[in-house]
Structures are given as C-alpha cells and as structure tokens.
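**Q** I am attaching a structure below and will ask some questions about it afterwards.
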C-alpha cells in the first residue's frame, strides 16, 4: 500500500489550554434558506460568518442571485435580522427570505443587478462553448510556490499527496494512452508556454456563445398607459432575446407590464419569465452555464473596469466607454468610494487626525477600536483627496481649453477646501529629472533629504503597533498623478483646541457593504477619443491615413524628448543615495533582537537541535554563512566602536576598558540628546529593546544603518528569494517585498549582482528597471504634449518606439536610429539610477507584455485587449490607447496587530504547527474583519492565508470557502490580473482538485497559468510549480503522458532556476516518480525518488516530515518494482494500469 499523505502532525496542547483554543477554530456551517417561490437553497458558510455573509452567498447562488431587496427572518430570532447577527447564534440555521417594498433607488439597483448578471453574454468578447480544461491551455494557472511569502500551496498537490483523487472520468480529449511521436512531443512542449495573447484576456469570463436573455433595457420616456399612482416610480422599455419589446412599470411592490397590474412580480426576472418563454429559456441556459463554469460560486458578474486591459465592449465605442452595469451611472452605479457627492469635503480633518494620534492604544482592545476609526477616517480621506485632486486637474485642463501650450512648470495651482490643501503642478517634459512624488518624501514633507533620513530612521527603530497612526504628517497625505499633472493633497497642520482637552473619539460613519465597493480609480479615467458618428468606408480610409500622419508627427516629439533627456542624463553626476526608509530601522531592530536570541540559544544544544531546518536555502544558503563568517572575523578583530551594528547588542562586551561610571555617564549624556529628539515613550521602547542603539548618536546610527542595509539586508533578501520564502512574480510584488524590508528600488542593480545563481530574480529585476526607465520617458512625453487631443497618438508613438521591433533590413533609418537611441537611454538610466552597467544585446528574453503591463500600471493607461504584434515596428495604433487613469500614492492604514498575527500564522505553518497556524490565522482574520470589514481588499489576504492553512490540515471544504471569498474580493477590488487574484485562481484549482472536481480545477489552473505567462513568463519557480499541479490534474483525467511532459518541463525549469539540489527540484523528481508509477515504470520511479530523498536529506535532514514521506514512497516504489520483476519471471498477467484501479492513490 502506498504511504499516506505527509501531513504535519499538529502540536497538541495540554489540558484546558487545548479546549480553549479549540473554541476559536472555524467550522463549516450549512445554511438552509427558504426562497419566495417556496423552494429551498442550501448554502455553505463558516462559523465566523454573519447575516451579511449570507446575503453575499445568496448573491452568488444561481437560484437567488437576481434577488436584491429582501430581509431574512428566523423562527426564533424573529424578522429583519441585522447584518451583524452571527450564524452560530441561529439554531437551527434555517432562514427565510422575506420580500420588502422597494424605494425608487432600490428598484433601480434591482434592474442594475439583472443587467449585471447578463453582461457576460455581451461585454467580454468571444468565447467558445467549452472553454475549460486543457482545450483552453493558453489560459493556464498557478499556485504560489511552497513556502512562498503568501502561504501559497504550489507543489502541494505533489508534495502533500502526489496523487490526490481517483480518476473521475475517462477523457477522450487530446490525451491518449499512446505515447506521442517525437514531433508531437515537441509541439506539446512548445504549447505549454505559448506567447501571451492579450486578446484572450477576458475569455475566462465570457459567455458570448449563449443567447443574451436581454437585448436592452432603458428608461422609458413615454407616458403611463394608466394613471400613475403614488406607488409607481418609473417605466422601462426593454427588448428580450426574441426581439419582443416590453414596457414595464417599476413600483413600490415590484414590477408589472404597463397596463397589466395583475401580473405584478417582486422580481424582474420572475416577471420576464412569465411574459416570455424565450427569455425564460435563455436565462435558464445562462444559469446552467454559470453552474458548469463553477458550481461553488465565483459567478462572472459584479465586475468593474478596474484593469489596465479594458473590457472588449469598449472597442465598439471608445469615445463613450460603455460602462459595466456595476459602474453604470444611468442605473445608479458608480466607481465606488465615498464622498462623490461632496458630503465630506469640509470635515475637520486636522482635528480628527490629531484625535486619532491621541486615542488610547496600550491594550490590543484599545488598539482595535483606534485602528477601526483610523481605517475609516483614512480611507474616507484618501477617497475625498483623489476626487478633489482629479477634479482640480480636470478643471485646469478645461480652463485652458484643453490646450497645454504653456511652458513646463509654469502651471501651478493651490487651493483649499476646509482643512485640505491641494497643490497641483505641471510635470516637466524631461525624463532625466528625478521627481520626488512619494507621499512621505522630502518634497511633500518640506524637509531636507538629511532630515528625512534621520526622521525615518528614528521612526523605524522606535516603531510599534501605533507608528502609522501617530505619524500624522505622512498619514494625512495623498499624491495623485494624472494626465501630466501632479497633485499633492494634505491636511493642514493647524489645530486649535481653544484650550479644551483633546477628545478621545471621533464620529464617523461605517463603511457600507462590509468594506466592499472601495474606490475604483479607473472610474475617474480621462477618455482620449472624441465621439464621432458612424463613418463611410471612404471616410474610414481617410481617418486611418490621418492617424498614420498623426503617429509620425508624434514620433518626432518622442524622439526629441528622448534626445534631450539622454543628453541631460549623461551629464548628470552620480550621486550616492543617503535616504532611508523607516521600515529599514524596524527590520534592523528585529534583526538585532533575533541575533541576540540566537546567541542565547547557541549555548543550549538541546534547544538548538529542536529548531526546524531552514527550508530550501539552495545555493544561496552559502551566502548568509559567508556573511556570518565575515562578521565574526570583524568582531574579533575590530577596535572599540567599529562595526558596532552587531557589537551594540551587548555593550558590556565592548566596554572592557570602560568602568561602570564612564558607561553610566555616557548613557546619561545620550539620554539627554535622545529625549530632545524623541517622545518619552519612544525613547523607552528604544532603550528597552536591548539593542544598545540608544547609546549611539543619530549620525552614528545612520552610518550603521547603511552598513546593515548593504551587508545584511540586501543579501538576506536574495537568500529568501533563493529559498522561495519570497517569490515575486512581477514588479509590483518585487517592490512590495523590498519596501516592506526598508529596501529601496535604486538597489535593484545590486540585487541582480547578488542573485547571480537565480536567473528568474535577475530577470524580474532587469524588467522592473526597464519599466522604470520607460516610465520616465512616457511621463515626459505626456508632459510635453501641447494638446490633450494629441495624447493618444503621442502615447501610441512612444509605445511603438519603446516596445516595437524594427527590422534592420526593411525599416527606414529614422526608426533604426530611434531603436538605438532607446537602448542608449535604458543603459544610461540603469547606470545612473541603479548603478548597474548593462548591455541590452546580452539580454534577449525581454517580455514585452510584462513591460507593457508594468508601464500601464505606473503611468495610468487603459488599452484595448488586442494581440499586439510586438515583432513589428509599430504594434500600437492611436485607437488602442483608450484613456489615462489617475495613479495615486498614500500610506497604508490597517491593523498592525492583525498583520503580526498573520505573520505568526505563516511561521507556524512553515514549522508544521498546524493547530497554532489555524489559531493565529483565525485571530488575524477576526482582527482584520473588525478593523477593515469582511469584504475589503485588506481582509482578502487573511482569507487566503487561512485557506492555505486549512488546506494543510486536510479541511478542503473550508479552505475552498475561504479562498472563494478572497477571490471574489480580489477580482472586484484589486483587478483581474493582480498577483493576489492570480494566487487565488491557482490555490482554488488545487482545492477543487482535492475535492475531486478535476475538470473545474483545470479550468482555474489554466487561468492562473495564463496570467503567470503574462507577468513572469515560463522561466519562473511559480510557473514550474504550476506545471506540477497541472500534471497532477491531467493524471486525474487519465492523461499520464501529458502529465509527464509537464513534469519534465517543471524539472528542467527548477534545475535551471534554482539548482539541482533545491527542494523544489526535489518536488519535481517526486512528482515524476508518481507519474511513472502510474505507467507501471516502477524501476524509473525508484531512480527519481532516490534523487528526491537525497536532496531532502541534505537540505532538511532525516527528521523532517517531507524527508520521511520521501523515504516511505521510495520503499513503496521498491516493493512494487520487486513485485513487477517477480511477476515478469513467473509470467503473471500484468495488472490493470488505469488510474481508477489504483485505490491507494487517493
């Protein structure tokens, strides 16, 4: 019998402690709901859910998704249950939907929901009737690599239970039992990572192969057939799928056909089903397709246009930008956020931020109350600031009659709105100018770089759970860049209490919808195309000719900007960056504490032996060892005061020649200095940290911090990249990882040098540097445009120069020269800004779609979803550039306690302490729900992590529910290609697979793989981990040979990127061994599993559970190989090799 799944055994607590901990663990709850048509639906929720969550579940169930205006009643708790009522308090968990009367606004929202449900049949472009599984392999998916930063479960299908399900069905698709010929094998290998096709971006959500149940619905202008009563709101005209026109009255009680009040229905869907058999059939077909798409939920509606690739329907009329129903203002929709109506413009912001900084925060309970208020106020402030900034910029452009023909930097504007100060300035048309657009930069804070470095370092080394809230000057700032302008919105620092005490609380409204419907900044877009009537074919030809001329004219502008900027950049003197991020100070203090703790533990061999092995350091493991050796040598040889960043941990060791009085005197002197610079509480935290930093002067600390940055922080980052503890997939995640550790992006060149054994990390860093070099050019071009009407052509021309591929044989000299000029700019920019010398000729693998995506995020572009011919000299047309959207920066404000609990959950998961991981994760989720709301994007990360933790405990059902929550939030609030959204697709695929829904799993893994190919490409550990998961799913469908090809590709990728001795490489060998065993090739399975065991023994030790699993699998394969040899000698019939016969592989 095959070895059992290698689940880590949870650490058991003792006695009462265990019982108390078990009380907080979530469980799955089945909720029965009676619908208005006397049927029942059964929902699966979590014990932590509330009535608000039940409403959301009903909204994604095919039987109830069209219902909007209702309350829920309970036989014991009564009617109209509040959203805050907890499910665990409802016994039995049986609810009834009670239809409520509409207001006019609610009737409009009901119609908007129906339009939203059917939008997937018209808004997202073409789709095939069966776009699932391997047939849609160009959309392919991922789970994050094992041990990654966000607790992904990639590789877990192979590592935890290599073959998770019995065969569900015998697939008659491309995969057959016969091995393909060499040519077919090569073709299949190539198809694993086809070039990304942006035109397929929305195919996953499209149901255009179905008949749209509704052709249109619009407000009616015709008079009522009967006298309008006080209960009637308005009329709508509509046409259903068979072309039948209808006029329907929306009233307080529901909807009815004009003149036929007896047919009144509370639901518009129910009414249309009665009136039209064609609508009824089309709607039921759509619901059936929804169920086939994903019976667990994640229905394809509720989308907002929040991604840099616009929905395909926009191509029909880009000058109007047809809104998706959720954001359609004609039906009461909007782009989210609070304060669009100007209601909060004149809040006493200065006083309220001052109150926040003074609120009690000593206990976790006090901080939770304070953090909730801070979160609400800060989010409201950010929304108002963005609205105000964009409105001011639009007003300036309009006032100049859409003409920007004034000299650069001469356009500036400052205005006040109550406590808000809004400063708008025109960007400069010089890509070489280094602008400080940071919300906590020296320009915004109006202090020098030296003062800023000192301020940030002191903030970091004294940081606690309240650091963000207490730093009002950076918390109350938002920087917005839009259409060549930069706006800085900040709160006035003048606060007059008139001699009164500072209040201990602020009055602020709660967020609606549990934190959902946050601001979609893309809704504030500036469209770049004028509206026009339909044109004849001759007129269209003239327009195309005119567009070509416009692009040529715009190319001259781009060329001029490039030349001038390059000349200035070449003459720029190299400057040493002295700035410091405050996070560096916090990480430095934590490093010193960990170092001190490590020294203490080094004297206790028993404890040291019990420490878990470091996972997967790979070839980079030697890097930290080398650093440690160098540090020990320096400490042994250093004189007093040198290399003090480690020596200061225990000052007594460095004060052998100082008597106690001198030491006390020095401490008193430094205490006087520090108390002048820091609040008393901050100084006490610094002194009690036992790092000895309080005995150093600020100037000494700055030098020591820079040394820590270069000698420890940067190498540690690269080591964590190598171990896959951090696994960035794009520039955004790379930036987040570095900023969280206090590292600056100007160090990317140094990271490339340190990551010489990690080609995927080098590639990500190089691409991010190129994106930043391109960003400066594109922003300068936008600033140089003298007329807004010319922006689309100028941006398209700039993108053609930056991303086009001219042919050296056929292109004219100007285009070839532009190409050389571009690369000269990039090489010079990388040298001047990142200190890294690079020649583009040595880097052939430029992922242009990844660069386009990063560029669109940073500059604020929205493009058509089209397959751009990147191999041509001019892949972009003017019509491809739809709009520009604001890009804004601000400090993140959530719950520090919640984030700490999340980190504890991740750490416990890494150590195999699953019970602790669940406890910490549950508490973190509870904390973040209390602070941010259950449906805010900050909470989605907690849902996602807890899902992974629960997956590892074997609770696949609950894991799926949590990850589904995370995905719904991420799609709506972050975007359809955000790294968190990508992770949710991949993790859900694994969960579905373990629930034996293999074809559904393939559908989601293919979507994630498509996004991975679009962002980080095929040469990335996350992509390799996803290949393993795809292979396991193909095995589940009986396609062992296809699975084997994916596994071999994953193995080659891991060997190339991580090295032959990495644990991810071991995972590939193990997965191949499993696949070979399914083909009865047990002797080959033994060879691959032997390699797996050798790697894991060397990296993790014999005591690690994964090593023990590998040993058990090897023993099993050896026994099967012996059985096979014995059967061959005895002539025993060969057993059935089908997967379905192998009950042990479950």
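Residue numbers (this note's numbering): 4 to 1149.
Don't be surprised by glycine CBs; every beta carbon is placed ideally from N, CA and C.
Please read these numbers as outputs of a predicted model, since none were measured by experiment.
Distance, Cα to Cα, residue 292 vs residue 732?
**A** By 1-based counting over the chain shown, the position of residue 292 is 289. By 1-based counting over the chain shown, the position of residue 732 is 729. Their backbone Cα atoms lie some 32 Å apart in a straight line.
**Q** Classify residue 1133: buried if its beta carbon has 16 or more other beta carbons within 10 angstroms, exposed otherwise.
**A** As a working mapping, residue 1133 is identified with position 1130 in the chain shown. Residue 1133 should be labelled exposed.
**Q** Around the Cβ of residue 219, are there at least 16 other Cβ atoms within 10 angstroms (buried) or fewer (exposed)?
**A** The sequence position of residue 219 within the chain shown is 216, counting from 1. Exposed, by the Cβ-count rule.
**Q** Is the Cβ-Cβ distance between residue 886 and residue 522 less than 7 Å?
**A** As a working mapping, residue 886 is identified with position 883 in the chain shown. As a working mapping, residue 522 is identified with position 519 in the chain shown. No, the Cβ-Cβ distance between residue 886 and residue 522 is not below 7 Å.
**Q** Measuring straight from C-alpha to C-alpha, what distance separates residue 960 and residue 1005?
**A** As a working note, residue 960 is residue 957 in the chain shown. As a working note, residue 1005 is residue 1002 in the chain shown. Whole-angstrom Cα-Cα distance: 18 Å.
**Q** Let me know if residue 500 comes out buried or exposed under the rule of 16 or more other beta-carbons within 10 Å of its beta-carbon.
**A** Your numbering for residue 500 matches position 497 in the chain shown. With fewer than 16 Cβ atoms within 10 Å of its Cβ, residue 500 is classed as exposed.
**Q** Can you confirm whether the segment 425 to 444 touches the segment 674 to 692 when touching is taken to mean that 3 or more C-beta pairs between the two stretches lie within less than 8 Å?
**A** No, the segment 674 to 692 is not in contact with the segment 425 to 444.
**Q** Could you spell out where the alpha helix (DSSP H) holding residue 1 opens and where it closes?
**A** With the chain covering 4 to 1149 only, the question about residue 1 has no answer from this structure.
**Q** Quick check on DSSP: helix, strand or coil for residue 746?
**A** By 1-based counting over the chain shown, the position of residue 746 is 743. Coil.
**Q** By DSSP's criteria, residue 116 is part of a beta bridge. Which residues make up the other side?
**A** Within the chain shown, residue 116 is the residue found at index 113, counting from 1. Paired residue(s): none; residue 116 is not in a bridge.
**Q** Just to confirm the assignment: which complete alpha helix (DSSP H) runs, minimum length 4, are found wholly within the segment 668 to 746?
**A** Taking only runs of at least 4 residues, the alpha helix (DSSP H) segments lying wholly in the segment 668 to 746 are 683 to 691, 701 to 711, 717 to 726 and 734 to 743.
**Q** Take residue 977 and list the residues in its own chain whose beta-carbon comes closer than 7 Å to its own, dropping the five residues that flank it on each side.
**A** Stepping through the chain shown from its first residue, residue 977 is reached at position 974. Answer for residue 977: 940, 983 and 984, listed in chain order.
**Q** From which residue to which residue does the beta strand (DSSP E) around residue 887 run?
**A** Taking the first residue of the chain shown as position 1, residue 887 is located at position 884. Start and end: 884 to 887.
**Q** So what's residue 416 in DSSP terms, helix, strand or just coil?
**A** What you label residue 416 is simply residue 413 of the chain shown in a count that begins at 1. Reduced to three states, the DSSP call for residue 416 is strand.
**Q** Check whether the segment 108 to 125 and the segment 70 to 77 touch, using three or more Cβ-Cβ pairs below 8 Å as the test.
**A** The segment 108 to 125 is in contact with the segment 70 to 77.
**Q** So the candidates are 926, 753 and 815; which of them puts its Cα closest to the Cα of residue 833?
**A** Working through the chain shown from its first residue, we reach residue 833 at position 830. Out of 926, 753 and 815, 753 has the C-alpha closest to the C-alpha of residue 833.
**Q** What residue range does the alpha helix (DSSP H) around residue 384 cover?
**A** The sequence position of residue 384 within the chain shown is 381, counting from 1. 367 to 402 is the extent of the alpha helix (DSSP H) around residue 384.
**Q** Does the beta-carbon of residue 319 have 16 or more other beta-carbons within 10 angstroms, so that it is buried, or is it exposed?
**A** Against the chain shown, residue 319 aligns to sequence position 316. Per the 10 Å Cβ criterion, exposed.
**Q** Would you say residue 431 and residue 491 are within 7 Å of each other, going by their C-beta atoms?
**A** Translated into the one-based positions of the chain shown, residue 431 becomes position 428. Translated into the one-based positions of the chain shown, residue 491 becomes position 488. Their beta carbons are not under 7 Å apart, which means residue 431 does not touch residue 491 by this criterion.
**Q** Among all the DSSP beta bridges, which residues are the ones paired with residue 1?
**A** Summary: the structure shown does not reach residue 1, with the chain confined to residues 4 through 1149, and so no result is reported for it.
**Q** So which of 841, 444, 221 and 262 has the shortest CA-CA distance to residue 231?
**A** Counting from one through the chain shown, the residue named residue 231 turns up at place 228. Nearest option by C-alpha distance: 262.
**Q** Is DSSP giving residue 236 helix, strand or coil here?
**A** Walking along the chain shown from the start, residue 236 turns up at place 233. The answer is strand: DSSP assigns residue 236 an E or B state.
**Q** Starting from residue 33 and walking both ways along the beta strand (DSSP E), at which residues does that stretch end?
**A** Position 30 of the chain shown, counted from the first residue, corresponds to residue 33. Residues 31 to 37.
**Q** Within the same chain, show all residues whose beta-carbon is closer than 7 Å to that of residue 1113, passing over the 5 residues directly before and after it, in chain order.
**A** In the chain shown, residue 1113 corresponds to position 1110, counting from 1. Excluding residues within five positions, the ones whose Cβ falls inside 7 Å are 1073, 1092, 1095, 1096 and 1099.
**Q** Between the segment 296 to 312 and the segment 113 to 127, do at least 3 Cβ pairs fall closer than 8 Å?
**A** The segment 296 to 312 vs the segment 113 to 127: in contact.
**Q** Using three-state DSSP, classify residue 926 as helix, strand or coil.
**A** Residue 926 sits at position 923 when you count from the first residue of the chain shown. Helix, per DSSP.
**Q** Judging by CA-CA distance, which residue of 426, 697 and 665 is the nearest neighbour of residue 464?
**A** The residue given as residue 464 occupies position 461 in the chain shown. Ranking the options by Cα distance to residue 464, first place goes to 697.
**Q** Can you tell me where the alpha helix (DSSP H) holding residue 765 begins and where it ends?
**A** On the chain shown, residue 765 is found 762 positions in, with the first residue counted as 1. First-last of the alpha helix (DSSP H) with residue 765: 762 to 787.
**Q** Is there contact between the segment 987 to 995 and the segment 940 to 959, where contact requires at least three CB pairs shorter than 8 Å?
**A** Cβ pair count under 8 Å is three or more, so yes.
**Q** With residue 868 and residue 204 assumed to form a contact (beta carbons below 8 Å), what rounded beta-carbon distance in angstroms separates them?
**A** Mapped onto the chain shown, residue 868 falls at position 865. Mapped onto the chain shown, residue 204 falls at position 201. Indeed, because the Cβ distance is near 5 Å, the residues count as touching under 8 Å.
**Q** Rounding to the nearest angstrom, what Cα-Cα distance links residue 477 and residue 1103 in this structure?
**A** In the chain shown, counting from the first residue as 1, residue 477 sits at position 474. In the chain shown, counting from the first residue as 1, residue 1103 sits at position 1100. Residue 477 and residue 1103: Cα-Cα distance of roughly 44 Å.
**Q** Take residue 272 as the anchor and find which of 927, 265 and 285 has the nearest alpha-carbon.
**A** Here residue 272 refers to the residue found at position 269 of the chain shown. The candidate whose alpha carbon is nearest that of residue 272 is 285.
**Q** Can you name the start and end residues of the alpha helix (DSSP H) that residue 470 belongs to?
**A** The residue given as residue 470 occupies position 467 in the chain shown. Looking at the DSSP string, the run of the alpha helix (DSSP H) that includes residue 470 is 470 to 473.
**Q** Can you give me the start and stop residues for the alpha helix (DSSP H) that residue 961 sits inside?
**A** As a first step, residue 961 must be located in the chain shown, where it is residue number 958. Its alpha helix (DSSP H) spans residues 959 to 976.
**Q** For a minimum of 4 consecutive residues, which ranges assigned as the alpha helix (DSSP H) are wholly contained in the segment 866 to 917?
**A** Qualifying alpha helix (DSSP H) stretches, in chain order: 899 to 913.
**Q** Please list the segments of the beta strand (DSSP E) lying wholly inside the segment 438 to 499, counting only runs of 3 or more residues, in order along the chain.
**A** Counting whole runs of 3 or more residues, the segment 438 to 499 contains the beta strand (DSSP E) stretches 480 to 485 and 488 to 494.
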